[in-house]
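Residue numbers (our numbering): 213 to 312.
These notes concern the structure reproduced below.
Rendered as structure tokens:
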């Protein structure tokens with residue numbers, strides 16, 4: 213897969229995520245400190261799972277890997293903002309879910 217496409221999960225209520233997500237290879241969730249209560253993001257994660265779109269999180273805005281991720285995301289698939297790790301995870305996602 214030369215150029216994988218990603219859906220950046222951020223705001224379910226002001227978007228048409230299902231149509232866009234169906235055309236992507238992965239869903240990236242920015243995990244900030246208040247994300248545990250982000251119900252729109254939780255809906256997008258559930259939607260990704262229904263569509264077999266692999267999901268991973270990247271910590272932003274002072275959050276750490278110990279921060280509580282949004283509902284439906286996996287703590288072991290949430291990482292610090294390190295470009296090498298993110299690139300490796302993108303490569304991994306291209307072989308999972310609907311991509312595998």
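Even for Gly, the Cβ is constructed at its ideal location relative to N, Cα and C.
| query | result |
| --- | --- |
| Supposed close pair residue 270, residue 291 - CB separation, criterion 8 Å | 6 Å |
| Proximity winner among 249, 286, 239 and 277, relative to residue 219 (alpha-carbon distances) | 239 |
| Run of the beta strand (DSSP E) containing residue 242, from where it starts to where it stops | 238–243 |
| Backbone secondary structure at residue 250 - three-state DSSP | coil |
| Helix, strand or coil at residue 280 according to DSSP, with G and I counted as helix | coil |
| Endpoints, the beta strand (DSSP E) within which residue 269 is located | 267–271 |
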